[in-house]
Structure formats: structure tokens, C-alpha cells
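Enquirer: Once you've had a glance at the structure underneath, I'll fire off some questions.
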Amino acid sequence: MTTLLEIKSSVLRQVQACPTFRRRAEGEPAATNADPPEPAAGAWKPGDGVEFFAHMRLILKKGEGRQGLPCPEVLLRSGSPAPAEPVDPSRGLRALTQEEVEMLYEEALYTVLYRAGTMGPDQVDDQETLLGYLQQVFGTSPEEHAEAIERVKKAKAPTYALKVSVMRAKNLLAKDPNGFSDPYCMLGILPASGAPREPGPRTEQRFSFRKGSKRGGPLPAKCIQVTEVKSSTLNPVWKENFVFEIEDVSTDQLHLDIWDHDDDVSLVEACRKLNEVIGLKGMSRYFKQIVKSARANGTAGPAEDHTDDFLGCLNIPVREVPVAGEDRWFKLEPRSSASRVQGDCQLVLKLITTQRDTGMSQRGRAGFLSYMLLLSRLLQFEHRSEEPKASCWRGELSGPAATILCLHGAQNNLSALQLAVLHWQVSSRHHQTRTLDYGYLLGLLEDMQAHWEEASSLPQGQEESLADSFNAFSEFGLRLLRQLRDFFPASNSTAVYRLELLLKCLSKMQIFQPSFEVCSFRTELNADISAALKRGNREWYDRLLNTKSPREQSGPQRLAGLVELADAVYEDLQSCYGIYASLFHSITDIDFFTLTFRQLERLVAEEAWVLTEELSPKMTLEVASGLFELYVTLADIQRFWSSIPGRDSRSLALAGIHGPFLPAVKLWLQVLRDQVRWRLQGAVDVDTLEPMDASSKHSSSAATASLCFSHIQELWARLAWPDPAQAEALGTQLSQDLCAATLFYTELLRKKVDAQPGAAGEAVSEPLCVVLNNVELLRKAAGQTLRGLAWPEVPSGPEGVLPRPLLGCAQALDEDLQQEVHTVTAHLTSKMVADIRKYVQHISLSPDSIQNDEAVAPLMKYLDEKLALLNTSLVKENLSRVLEALWELLLQAILRALGANLDVSADFYGRFHFTLEALVSFFHAEGQGLPLESLKDGSYKRLEEELRLHQCSTRECIEQYYLDKLKQRSLEQKRFGRLSVRCHYEAAEQRLVVEVLHAADLPPLDANGLSDPFVIVELGPPHLFPLVRSQRTQVKNRTLHPVYDELFYFSVPAEACRRRGACVLFTVMDHDWLSTNDFAGEAALGLGGVGGIARPQVGGSARARQPVTLHLRRPRAQVKSALRMLEGRTNKEAQEFVKRLKELEKCMEADP
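Using our numbering, you'd call the opening residue of the sequence shown number 27 and step up by one each time.
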């Protein structure tokens, strides 16, 4: 037995692991006819299901990218170069005359030949390289170039000056008792002495303005300047500017002293008065005069008491000042080796020219004008047309160009702001003639913003020129924004980034508006941008309308074009929301999406209203198809707006537009109904009822049907009809058509499989398995589609609950398909009935000499083989159904075998009991097969009971008969009436007292509608009470509510009353004078709980006990099972018991 119980179906254990079918997302299955090429809109013909659904897939394909709000990652599909922007050579700086070009050439050469200062590491120090570069820029011949250089060399050298800004000092030495100092600076230029300075370190002594100097020659008083005194600080901040003329750039040096001021007199005033003295000889006399003048009003005393304390000095050769100027901290130096100093001083130094012997200077051209012209010339030369990525050029100048501009800007004393302004002016103008990178232009604006605090120092001419450049660039940018979709397509990430930078440039320009005093460029730039966008939207729409749906065409001709136009508008709105909106909102605070959506939605709505009115009287299948597709796109546009939080579609121009489309939608849905049927018919015709491939268990027609239903569901969701009442009517009709199509498909399958010849001796039919899988697949697909056809009910119902018509339709279809599945399952298992009965008969006929597992093995092997085939052919749900059907067949076959073999040995029934346990274990398969609750229900209980009873003795069967009566409950309590009795046991007399009180609601068994009832009282089982006879009450004529109040005594021992199955059986009969008495009902009362038997009687009258109400009933199947067991017994006790009961049954069968 152990060996057999280990026989489990490996197939059943794998049921849970079997993958369920998933609908392919790729389209039609391979087994069906190949789909034709995608047809044009409206080109399908009625009756051609394949072509119709191909057109439907086109509509659905457009909706794939319309689910939810668009993501920038999806829209930005290309990183190719941005489209070229329009350029106009006339928008650059004006062209120079030949004379002006020559003057500019001279200015550039003069700048290079008379340069002064130290070149930086990134600058070109070779003069010949710079001059050669200028020759290339201006395109002169070698002879012309040499002549120009000679002319410039003969010109007068420029007059140089040193601009010095004393900014601050830090960490100075404390000279005052309070721990601070009162520092001031005295600075000036030490001119050349005529004799070259000996090289080498000066360790003994440094020059000081306060000490006498042995250096010869006069020092003009105007070369000395003094800063203000900063009281009580070691970190003074001055920020004072000075300009010193330079006689000899190569030998002059800047000298600066920092002193701690100890007097209350004004050194600045003393220095000013001394500057009026001319012709002083010697440094010592000069500074003595300063001291005398400064102390003229001081208190008398020793000179050293009033001497300022030295804090440090600086000596900076002018020739070492960088060409571009410098802003740096200089470490303070002592005046001698004995001096003690500390700290640093920050200076800003710049070497400039105050007089230049050039044509431009002689004509009074400001330095910034010549710089602007030179920069423009160099920029044009550097930005060569042959450059591969000319539009991405960021203004990177070559070394010679940057060096020349640096020299020219420094020599002309142009401030950082002026340089930033000039570079913006020239580059922004140049951009309009040759495209530059917007990041470069934005950087120029940011550089200009960083120095804008100096805006008041801008010359009026340069401010006017800057305003003009802003105006020109704004006009250029607005023209580009009008053609936003052409120059900055949303799918091109490079173009979108350029748009972002352009908007930042336009936005950055508005920062400079309040600073313009002479003139302004634009005061309402955001309003101008909005106007440009609106104008651009209209121009783009009109161009699209004229291309796709010109008004000169007829209505049907325009319809297809209007569908394309609506699709293009939707895609454009996606781009506006996903790409453009965030840029405009974050940079310019313009709601570009709302602006564009409102404008385009209104324009599309106007065209749609006009066209639907024109086409309504001309409704054809082609027109209905086009209008349906147009409406789906218009509905998508409305949903797009509604999907954005805080947006209400009721205010749109498209609101209510569904009305004119209703006739077209109704006609299209009627066509859909017919096309679905034709499509299903064609799919079944070519279906071979074989699995599509190794991974699926359904055939091609099921995949086609499932895909059709899925398309219908998606299309209904896209339709989203807004009117609830109309949506209910459309949805109800569509759901009914869908249900009819589903049943139509199952009918086609049934006819198909019936027409196929079955293989001889084939117990498991593969076509039937495929049909079963097809029906199951379609049941799921249709159910899902019906749930997807829900519409908003007029009174809003609970969320998630289907509308009542749709729910009823879904339930009815599910019942029909379940019935169809049951029918096919029964047909499939019917082929196995004969084999199952044969193997069960083999078990029943097996001799007692062989083991049980040997007798059952053929049946188990057969089941394992067949279920292996079923598992490979059926999906999980259908396999479970087939298993349940096979289980029932097995139980019925065993019951049939038991009925055909009565009064056989106990080993016979023990073998079948073993078989039943083995089958339960086989079908349960350790939890992978059928659940035990399902296996041990219904026929199993009956079979188990019969097997148990067959193994019982006659008396045990009789006792079971009475136990079943005690367990029986009346399912229809009011049908057969009720009986009230009272029962107790008198231990002293050893007798059982039974009192029949009354009955009520008895069934009428006579022709007059009444009965003549009496009650038979007997004890059972008979073998427990062999000497006790039954007793009966009096007959109560013509009543259904008899009252008896009769006592009956039964002399029986208490032990007998406590035995298993002991009871009092009350049988109510209808007395007939001329025929057999009629059975009315029966009831049983167990003696185990009667007072005096279960527990001793304690005081009180037995009649005072509460009566018991028993509901009368008829014997049920479980009661008759024990009787059938006894019928097969041949012993006398069993035969007599059966005979008495059959006499009672005759009375029952005589009832109407």
C-alpha cells in the first residue's frame, strides 16, 4: 500500500508552475492571414474585417503616446545639431569705409608697437607675431604692411599714466598704546635718475618719503599723493584712486609708504599746499617742507614726539605692471634692515595712455569706439565660415587676437564694465549675421551684470549704443520665437537647450532696464514675447491648415486632412507641455502651455464645428469613419487639458462638441458589430485548432478574438463619451454586441470541432482541449473588455461597481460561457468513461489473493498517462475543471461497481476503500492538485458512507439507519407539519413514558383538503427493544391540527435506552377506511437525552416538563443508504427489517 500511495501525478504537481496565457502585444497571431499594408484613413471597405481592424490599430497606435502627461525624456528623441537660424548681414555693425579701415589698422599697429608693461603667460609676447596677425586680419600686402609700420613708428609715442587704486591693508603693526594704529598711505612716482640703477639687492636702506635721499634731481610735488587717515585699525580700507603720469615706463617706479599718524593736523591739506611749491631741490628739503607745513599749528616740543611711525613701504617698477593691469596683495617691506614691519596692502594697478598720436585719436574718436570696431574686425576674422560647428562657436579668440584686444583696452583706459558692454554689443550684432553659441552670449551678459554697479560711469554714447544692441537682439529673439517650432523643435535636445539659453539672454537683458537714463530698449519684454508666441502659433496653424485641409476642398476631402491636423495639434501640445512650458515659466514667468492650448484648441474647435455641420447630411461609412477618428483625437485633447491638476475642460471651446459627432459614432459602432463577426468568422475558418506555439495552448482564432476585444476596450476608453445618458446607451449596445460576438465565436468553434473526424481510440482529443482553452481565454478577455466598457452613471454609484446593465450583461455572458466550458469538458471526459469503468471493473474482479496496490495500479497508470496529456494541452483553469469532472466520473464508476456487487466479502469493500484513499492522494498531489475540501464533498461522502456501511454488521447498519434519522434535519419545516411530545423515564418502574400532545400544520392527504391523522409510537432499533411493540394514538378525523394528549408506557431497561441509536420514532399516518393508510411524516427523538436516562429524575411531576416540538420530515438519501446496504444482506434480521420498512415506503409512495 505504501508503494501505491507514493504514486502521484508529476503533472498535477506542476499545475501551479504552468504559465497562464498572456495576450501578445505584437498584433495578430502568425497562424492567421498576414495583415495587409496599413490603409489610409477611411479606405476600409464594409465586410473586410482584417482591413477594418488594421485601421482601428492605426487609431489605437496614435493613442499609445497619449496616456498621461508627457515626459521630456520621451519627447527629446534627437541630439542632432539644431536647425540653422536665419542670419542677415545687414543686422551687423555698419561696414567701414576704406579710410576708416586704414585708420583702424593704424590704431591696431600703434597699440602693438607702443605697448608697455609685462605680458601675461597666456598672452603673445612676440611683437612680430602680433604684427603678422594684424596683416592677416586686415588683408594687406607685405609692402603695405611694412609702410604702415614705418608710419606708425614715426608717430609720437603715447603719454603713459599709472592708475593706482589703494584698496585696503591687513595685519598692520600696532603703534599706538590702544593696540591699534591710525594708518594712511603716501605714494608717488620715483622718476628715472638718468643713470641706470645697479642691479642687485638693496640690503642697507630703501627710499622713504620721510627721510632724506641722496638721489639727485628734483621730484615734482604733483607726483606725491596721500590717502585719508583711518583711525584705530590694523586693517584699514581706503578704496581711493590716483593717476600718476609716467615719464619713463622702463625706469620709473611706484613708491608707497604706510604711516601711523600721531598728530591731529591734516597731512592731506599740507600736501596740497606743498604741491603749489615749484622747483624744490632734493628729497630731504621736500619732505621737510611737508612736515613743517603739516605741523605749523602743532604743539611745541621735541620733534620726535610728533613723528609719525613707519608701518611699511612698497617699491613697484612700472615696467613690471601687467599689460592687463593687476589686482593683488603686496607684502609690505621695511625701509632698512633695522625696520620692523608686517602686513599686506592691496593695490589695483593699470598702465594707460593719455595721449595717442593716431588718426582716430586726432579725430576725437573715443577709445571705446575704436575698441568696438577692432573687436568686430577680429571677431569676423576668427569666426571663419569653414569652421565645422560655426553655430556652436563660443567666441574663443586666438592668442594674438586676445593679446591685441587686451593691449588696446588697457591703453584706452576702458573699465571692466566698458569691456563687457563692448563685447556684448559686438557679439550680439555678430550673432545676427553669423550664429554664435547662446551660452557665450549669456556669459557676456552675466559678465556685464557683475560690473553693472559701475553703470553710471558709462559714456552717453556707449549707453545709447548698448540700448540699441538690446533692441536689435530683442527683435531678433522675438522673430525666432515666432518660428519656435522651426528653429527649436521639441524633439531635438540641442535645439531645446539653445532655446533655454536664448530665453535666459532675453530675461537677463531686463535686469538692465532701470539703469538706462538716456534711452531704454524695451520695457515690456514679457508682453512682447507673449505676443510673438501667439502670432507664431497662428502662423503655424494656418500653414498647417492650408497644407492638410485647405478650405477650397469639399467636406469629405477635407476630413482626412483635418484628422491629421488635429493629430499634429495634439503632438504640438504635448511638446508645449513637456518641453517648452517649463522653460518659459521658469525663465520668463510666461504660461506658454495655457497660452498655446487655448489658442490652438479654439482654432481646431472652430474647424471641427464647421465641418461636422457640413458633413452631417452626407453621412456615409467613410465619413463616419473619418468623423469617429477626428472625435477620438478631439477627446484626447480635452482629456489632456483635464489631466493637468487645476484645469477644467468645461471652459474649453471643445466642450459640447460631442453632440454633432453622435450620429457618426452610432453608425461606426454598428459597422464595428458586423466587422467583429466577420473577423471572427475569418479567423475560425483558417484555424487548425492547434496550439499557436510551444508556449501557448490556444489556437490562432482565440488570439485574434482576444485582440479584437482588447482593441474595442481601448477604443471605448479613448472615446470617453462625456454625456452620461448617451454613454449608457452606446455602452449598453456595444456590450450586447460584444456578448453576441462571443457566443457567436463559441458556436463557430463547436461547429468546427464537430466537423473534424476524431482519431480512433483517442481518449484525449487535442482539438477539444484547444477549444476548451479558446473558450476560457475568450471568457477572460470578454469579461475584462466588459469591465472596461463602464461609463459614468447619471446618479453616481459606488466607485468600482459596474453600471447595472453592464453588470447584468457580464454576468449573463459568464454564465453562458461557463456552461459552454462545462459542456466541452463533459464531451472531453466522456471519451474516458469506458476506460475508467473498465479499470474499476478490473479492481472489483481482482481475486483476493493479490495485493490492493497491484489491483489499483492499472487504473493509476492510466490516469497518470491521460493527465500528463491533459496538462500539456490545457491551461490551469481548464485542467482543474477536467480533474473535477474525472473525479466525479471515478466516484460514480466505483458506486456503480458497488451496486453491482451485493453481499460480497469485507475484503472486497476494503479494496475499494483503499482505492478511494489512493485516488484522493493522487488527485490532491500534495496540495498541487484539487483541494481536499473539493475532493471529499458530494459523491465522495456518499461513497465513503457506503463503503463504511458495507463493512458493518446487520445490527450496526440498522443502528446507523436510526442514527441517520436522528441527524436528519427538515429542510422544509412547514411542509410536513410539527408534532409536540413529552418524554421521560421512570426508573422505579423501569419504564419509558411517552406523551403525544398534539400536531399542527399537517399536510392534507384527503380529497376534502384535510386528513384523519393518527401517530404510531415505536422504539428502535428493534434488536435493542425486541419485546416492545409499537403503539398508536386515536384517529382524529378531518383535521390538520389534531390534539391527542395520550400517554404510552414502554417497559424497557435504562441501559437499552442509552445504547447507540436508541430513539423513539413517531410516524404520523392518515387513516383511510377503504384503502391503505397514507404516510404524512415522521420524527425521531433520541433517548440518550431524555430525563431520567441522561440524569436521574429529581422531584416535580414529569408532566410539568416542557414539551418537545419535532418537525415532521420524509426520509432522505443518507437515510436510505443504510437501507440499501441491508437490502443486499441475505440474513433473516436484515430481510425482516427491510420488509417492514418497504411496507412503510408503499404508504409514502401512495401520497400525491
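All C-beta atoms, glycine included, are put in the ideal place defined by N, C-alpha and C.
Sort out for me which residues DSSP pairs Val-1090 with in a bridge.
Expert: Locating residue 1090 in the sequence shown gives position 1064, counting from the first residue. Partner(s): Leu-1045 and Leu-1111.
Enquirer: Determine, using beta carbons only, whether Leu-504 and Asp-554 come nearer to each other than 8 angstroms.
Expert: For the purposes of this step, residue 504 is taken as residue 478 along the sequence shown, with counting starting at 1. For the purposes of this step, residue 554 is taken as residue 528 along the sequence shown, with counting starting at 1. Yes.
Enquirer: If you compare alpha carbons, which of Gln-867, Asn-800 and Asp-283 is closest to Gln-844?
Expert: As a first step, residue 844 must be located in the sequence shown, where it is residue number 818. When each option's Cα is compared against that of Gln-844, the closest is Asn-800.
Enquirer: Who are the near neighbours of Arg-1084 in its chain, counting only those whose CB is closer than 7 angstroms to its CB and skipping five residues on each side?
Expert: As a first step, residue 1084 is located in the sequence shown; it is residue number 1058 there, counting from the start. Within the same chain, Arg-1084 has close Cβ partners Gly-1114 and Ile-1119.
Enquirer: Would you call Asn-1261 buried or exposed, if buried means 16 or more other Cβ atoms sit within 10 Å of its Cβ?
Expert: Because the chain spans 27 through 1178 in this model, residue 1261 falls outside it and cannot be assessed.
Enquirer: With respect to the alpha helix (DSSP H) encompassing Ser-1006, which residues constitute its N-terminal and C-terminal limits?
Expert: By one-based count along the sequence shown, residue 1006 stands at place 980. Ser-1006 -> not in any alpha helix (DSSP H); beta strand (DSSP E) instead, spanning 1004-1012.
Enquirer: Going by beta-carbon coordinates alone, are Glu-408 and Leu-375 separated by less than 8 angstroms?
Expert: Here residue 408 refers to the residue found at position 382 when the sequence shown is read from its first residue. Here residue 375 refers to the residue found at position 349 when the sequence shown is read from its first residue. Cβ distance not < 8 angstroms, so Glu-408 and Leu-375 don't count as in contact.
Enquirer: Sort Gln-867, Ala-860 and Pro-957 by Cα distance to Arg-907 and report the nearest one.
Expert: The count along the sequence shown starts at 1 and reaches residue 907 at position 881. For Arg-907, the nearest C-alpha among the options comes from Pro-957.
Enquirer: Going by the DSSP bridge assignment, what does Phe-270 pair with across the sheet?
Expert: Taking the first residue of the sequence shown as 1, we reach residue 270 at position 244. BP columns for Phe-270 point to Leu-188.
Enquirer: If we call anything under 8 angstroms between Cβ atoms a contact, is Phe-1092 one with Val-1041?
Expert: The count along the sequence shown starts at 1 and reaches residue 1092 at position 1066. The count along the sequence shown starts at 1 and reaches residue 1041 at position 1015. The answer is yes: Cβ separation under 8 angstroms.
Enquirer: Touching or not, the stretch 626-634 and the stretch 563-577, by the rule of three or more beta carbon pairs under 8 angstroms?
Expert: These segments touch.
Enquirer: Helix, strand or coil: which one does DSSP assign to Ala-476?
Expert: The residue labelled residue 476 in the question sits at position 450 within the sequence shown. Three-state result, Ala-476: helix.
Enquirer: Which stretch, first to last residue, makes up the alpha helix (DSSP H) that contains Glu-501?
Expert: As a first step, residue 501 is located in the sequence shown; it is residue number 475 there, counting from the start. Note, Glu-501: alpha helix (DSSP H), 486-508.
Enquirer: Alpha carbon to alpha carbon, how far is Asn-341 from Lys-189? Give it in angstroms, no decimals.
Expert: Here residue 189 is taken as the residue at index 163 of the sequence shown, counted from 1. Here residue 341 is taken as the residue at index 315 of the sequence shown, counted from 1. Lys-189 and Asn-341: Cα-Cα distance of roughly 15 angstroms.
Enquirer: With a Cβ-Cβ cutoff of 8 angstroms, do Asp-274 and Leu-337 count as a contact?
Expert: Sequence index remark: in the sequence shown, residue 274 carries index 248 (1-based). Sequence index remark: in the sequence shown, residue 337 carries index 311 (1-based). It is not a contact, given that the beta carbons lie outside the stated cut-off.
Enquirer: Can you give me the Cβ contacts of Leu-570 inside the same chain, cut-off strictly under 7 angstroms, excluding the 5 residues immediately before and after it?
Expert: Walking along the sequence shown from the start, residue 570 turns up at place 544. So the list reads Leu-591 and Ala-594, once near-sequence residues are dropped.
Enquirer: If you run the structure through DSSP and keep just helix, strand and coil, what is Asn-204?
Expert: Start at 1 with the first residue of the sequence shown, and residue 204 comes out as number 178. Of the three classes helix, strand and coil, the one that applies to Asn-204 here is coil, per DSSP.
Enquirer: According to DSSP, simplified to helix, strand and coil, what is Asn-563?
Expert: Reading the sequence shown from its first residue, position 537 is the one you call residue 563. If DSSP states are grouped into helix, strand and coil, Asn-563 belongs with the helices.
Enquirer: Return yes when the Cβ of Tyr-1075 is within less than 8 angstroms of the Cβ of Val-1116, no when it is not.
Expert: Residue mapping note: residue 1116 aligns to position 1090 of the sequence shown, counting from 1. Residue mapping note: residue 1075 aligns to position 1049 of the sequence shown, counting from 1. No, Cβ-Cβ distance for Val-1116 and Tyr-1075 is not below 8 angstroms.
Enquirer: Do you know how far the Cα of Pro-262 is from the Cα of Phe-206?
Expert: Translated into the one-based positions of the sequence shown, residue 206 becomes position 180. Translated into the one-based positions of the sequence shown, residue 262 becomes position 236. Going from the Cα of Phe-206 to the Cα of Pro-262 covers about 11 angstroms.
Enquirer: Restricting to Cα atoms, I'd like to know which of Leu-122, Leu-135, Lys-857 and Leu-280 is closest to Leu-794.
Expert: Counted from its first residue, the sequence shown places residue 794 at position 768. It is Lys-857.
Enquirer: Which of the three DSSP states is assigned to Ala-1077 in this structure?
Expert: On the sequence shown, position 1051 is the one that residue 1077 refers to. Inspection of the sequence shows that residue 1077 is occupied by Ser rather than by Ala. Correct three-state label for Ser-1077: strand.
Enquirer: Find out if the Cβ-Cβ distance for the pair Ser-727, Val-710 is shorter than 8 angstroms.
Expert: Reading the sequence shown from its first residue, position 701 is the one you call residue 727. Reading the sequence shown from its first residue, position 684 is the one you call residue 710. Closer than 8 angstroms, so yes.
Enquirer: Compute the beta-carbon to beta-carbon distance between Val-866 and Ala-923, rounded to the nearest angstrom, for a pair I have assumed lies under 8 angstroms.
Expert: The residue labelled residue 866 in the question sits at position 840 within the sequence shown. The residue labelled residue 923 in the question sits at position 897 within the sequence shown. 5 angstroms between Cβ atoms; contact.
Enquirer: Who are the near neighbours of Leu-961 in its chain, counting only those whose CB is closer than 8 angstroms to its CB and skipping five residues on each side?
Expert: Within the sequence shown, residue 961 is the residue found at index 935, counting from 1. For Leu-961, where only same-chain residues beyond five positions count, the Cβ hits under 8 angstroms are Trp-913, Val-946, Phe-949 and His-950.
Enquirer: Go ahead and label Lys-182 buried or exposed: buried means 16 or more other beta carbons lie within 10 angstroms of its beta carbon, across all protein chains shown.
Expert: Counting from one through the sequence shown, the residue named residue 182 turns up at place 156. Flag for Lys-182 reads exposed.
Enquirer: Exposed or buried, Ser-258, counting other C-beta atoms within 10 Å across all chains shown (16 or more means buried)?
Expert: Translated into positions along the sequence shown, residue 258 becomes position 232. Exposed.
Enquirer: If I follow the unbroken alpha helix (DSSP H) through Gly-214, where does it start and stop?
Expert: Position 188 of the sequence shown, counted from the start, is the residue given in the question as residue 214. Looking at the DSSP string, Gly-214 is not in any alpha helix (DSSP H); the run it does join, the beta strand (DSSP E), is 209-216.
Enquirer: Comparing alpha-carbon positions, which option in Phe-938, Leu-839, Ala-172 and Ala-816 lies nearest Ser-872?
Expert: Sequence index remark: in the sequence shown, residue 872 carries index 846 (1-based). The shortest Cα separation from Ser-872 among Phe-938, Leu-839, Ala-172 and Ala-816 belongs to Phe-938.
Enquirer: Spatial neighbours of Thr-622 within its chain, please: C-beta separation below 6 angstroms, excluding the five flanking residues on both sides.
Expert: Counting from 1 along the sequence shown, the entry for residue 622 is found at position 596. Only Asn-563 and Cys-602 meet the Cβ criterion.
Enquirer: Should Glu-176 go down as buried or exposed, given a rule of 16 or more other Cβ atoms within 10 Å for buried?
Expert: By one-based count along the sequence shown, residue 176 stands at place 150. Looking at its Cβ environment, which holds fewer than 16 other Cβ atoms inside 10 Å, Glu-176 is exposed.
Enquirer: Rounded to a whole number of angstroms, what is the C-alpha to C-alpha distance between Leu-896 and Leu-798?
Expert: On the sequence shown, residue 896 is found 870 positions in, with the first residue counted as 1. On the sequence shown, residue 798 is found 772 positions in, with the first residue counted as 1. Cα to Cα, the separation comes out at about 11 angstroms.
Enquirer: Mind checking who Asn-341 pairs with in its DSSP beta bridge?
Expert: The count along the sequence shown starts at 1 and reaches residue 341 at position 315. According to DSSP, Asn-341 bridges with His-281.
Enquirer: Using the C-alpha atoms, what's the distance from Lys-534 back to Val-344?
Expert: Here the question's residue 344 lines up with position 318 in the sequence shown. Here the question's residue 534 lines up with position 508 in the sequence shown. For Val-344 and Lys-534, the distance between alpha carbons rounds to 39 angstroms.
Enquirer: Check whether the Cβ atoms of Thr-638 and Leu-660 lie closer than 8 angstroms to each other.
Expert: Here residue 638 refers to the residue found at position 612 of the sequence shown. Here residue 660 refers to the residue found at position 634 of the sequence shown. It is not a contact, given that the beta carbons lie outside the stated cut-off.
Enquirer: Three or more beta-carbon pairs under 8 angstroms between the stretch 1019-1038 and the stretch 1058-1075, yes or no?
Expert: Judged by Cβ distances under 8 angstroms, the stretch 1019-1038 makes contact with the stretch 1058-1075, as three or more pairs qualify.
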